[in-house]
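End of the sequence shown = 390 in my numbering, gap-free, step of one.
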Amino acid sequence: MDINPNLPAFNAGATLSSLISLSVAFVLGTIIGLERQLRQRTAGLRTNTLVAVGAAVFVDLAVRFHDLYGGPPSPLHVVAYVISGVGFLGAGAIMKDGAQVSGLNTAATLWGSAAVGACAGIKLLPEAVLAAIFVLAANTLLRPVVNRIQRQPLPEAFSEATYAINVVCQREQQAEVLDQLLLLLEQAQYPVRAVDQRPFGERDVEIEAVLYATTVDAGELDAVLATLATTPGVLQGFWNG
């Protein structure tokens, strides 16, 4: 007697197919994660393996459901949801410290592991192997190329100028001056990449705001400084680039 007649009957063939898909996702995710673990990255062996297996489980579930009942959800829709979900997971691996951003490659590798798992889950096993090979190639074979390029001096014609505004103010007015500076730059449509605050003498503070812009209008920055000079506590200001 069936406990729940609405449950599908056990299908050994389908279960074996799922086992093969998940096993392939597990092995390939482990290989990708091992390379990350050996380099001591944030997302290493277990994380990449779990991402690959998790993606395979969701897609395999959608395939099984679609085969049994037809209609939505399509396995391709589930793949799209997996991509979105891994995007949030990858965002957690990206760290920003001032102008320095790290973890982008780790996040991209997680995305690749999810793609490998999705291929395995949808029964495209050769494609899953190919995807894993290319993810590994990107993380290993391209590394010496990147290192070589980064060691080359950048031609002056290709270099990007960095612009910054420096303001010296009284320590007691530091917070107000910083808020006013950021407000004026926002109004002038100059987004700030990083802010540095350091002592200037015994009683004053120097605030430096580094801009994202690679080109600026001198008149606009001069106007920002002129307006900022009327703020209580501001002693001097200048910009450079």
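All residues carry an ideal CB built from backbone N, CA and C; glycine is no exception. As the structure is a prediction and not an experimental result, all values here were calculated from the model.
Counted within 10 angstroms of its Cβ, other Cβ atoms place residue i as buried (16 or more) or exposed
i, result
"Ile271", "buried"
"Leu187", "exposed"
"Arg185", "buried"
"Gly203", "buried"
"Thr258", "buried"
"Ala378", "exposed"
Alpha carbon of residue i to alpha carbon of residue j, nearest angstrom
i, j, result
"Leu330", "Leu279", "52 Å"
"Pro224", "Leu210", "8 Å"
"Phe237", "Arg352", "45 Å"
"Ala240", "Val208", "22 Å"
"Ala358", "Glu369", "15 Å"
"Val365", "Ile356", "19 Å"
"Ala313", "Ile298", "27 Å"
"Ala409", "Val235", "Because the chain is modelled from 150 through 390, residue 409 falls outside the range shown and cannot be assessed."
"Pro275", "Met244", "34 Å"
Proximity below 9 Å, CB of residue i to CB of residue j
i, j, result
"Thr196", "Gly182", "yes"
"Val294", "Leu384", "no"
"Ala390", "Thr311", "The sequence given here places Gly at residue 390; Ala does not occur at that position. For Gly390 and Thr311, yes; Cβs fall inside 9 Å."
"Gly382", "Glu335", "no"
"Ser262", "Gly178", "yes"
"Ala158", "Val265", "no"
"Ala281", "Ile180", "yes"
"Ala269", "Ala367", "no"
Taking only runs that begin and end inside the segment 287-363, name each unbroken alpha helix (DSSP H) of 4 or more residues, in chain order. 291-300 and 323-336
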